[in-house]
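Residue 134 in our numbering sits at position 121 of the sequence shown, and the numbers go up by one each step.
To start, the structure itself, in structure tokens.
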Amino acid sequence: TYTGQVAISRSNIAIYGETTTPATYTGNKVTFAAAVTASQAGNNDASGTIRVLATGVKLYNLNIANTYGTVTNKTQAIALSVQAGQFGCYGCKITGIQDTLLANKGAQVYAQSYISGSTDFIFGSSASIWITKSIIQTLANGYITASGRSSEDANYYVIDQSTIQG
């Protein structure tokens, strides 16, 4: 387990975590964890445990957690912040409470992954995201997504062949 935040600013790289099950998140052995709130960091993106700032980044078999808060004591605290397109996340476990995944810009794919949270925990403003063959776990009553897109743009969220639990 690595405790702290990581910013990825190099384009077109792939980061692989050790796993016993490469096709899914269940055997992941590599964890990145932080407990930083948006109010502490100054904004949502800056609170991310992993911040993707470059295009063409791919993440495989990583556990990514923002461990701040509880279901009853929640505040914005991002686990994964994606600020650039052509992003892929495969076999990852992304956990938090409120605003777990900031899918903010560009085209993004999340496959064979696990995403959990309690309040609008998948959100962003200028991204098209495709979540496929994944588990989305709600930890409390609340919305799963909160797209900040305008009605005039072409961005979208698709949840395909996935299971919503909670």
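Idealized CB from N, CA, C, for every residue including glycine.
Buried or exposed by the 16-neighbour rule on C-beta atoms within 10 Å, applied to residue i
i: Ser94; result: buried
i: Val65; result: buried
One or two residues paired with residue i in a DSSP bridge
i: Gly30; result: DSSP lists no partner for Gly30.
i: Thr16; result: Ala46
i: Tyr156; result: According to DSSP, Tyr156 bridges with nothing at all.
i: Ala140; result: Gly119
i: Gly179; result: BP columns for Gly179 are empty, so no partner.
i: Tyr169; result: Tyr169 is not bridged to any residue.
Alpha-carbon to alpha-carbon, residue j and residue i
i: Ser60; j: Ala67; result: 17 angstroms
i: Ile63; j: Asn56; result: 14 angstroms
i: Asp166; j: Ala47; result: 33 angstroms
Member of the options whose CA lies at the smallest distance from the CA of residue i
i: Gly30; options: Gly109, Leu75, Asn154, Ile128; result: Leu75
i: Pro35; options: Ala54, Ser126, Gly55; result: Ser126
i: Thr12; options: Asn117, Thr85, Cys102; result: Outside the modelled stretch of the chain, which goes from 14 to 179, sits residue 12, for which no answer is possible.
i: Phe134; options: Leu115, Tyr73, Ile144, Ser147; result: Leu115
i: Ala54; options: Leu72, Ile26, Gly17, Thr83; result: Gly17
i: Asn168; options: Thr176, Gln178, Gln121; result: Gln121
Below-8 angstroms beta-carbon distance, residue i vs any chain C residue
i: Gly61; result: Of the protein chains in this structure there is only one, and it is not chain C.
Exercise for the section: Pick out the complete beta strand (DSSP E) segments inside the stretch 38-123, 3 residues or longer, and give them in chain order. Expected result: 44-47, 63-65, 71-73, 76-79, 93-95, 100-103, 106-108, 114-116
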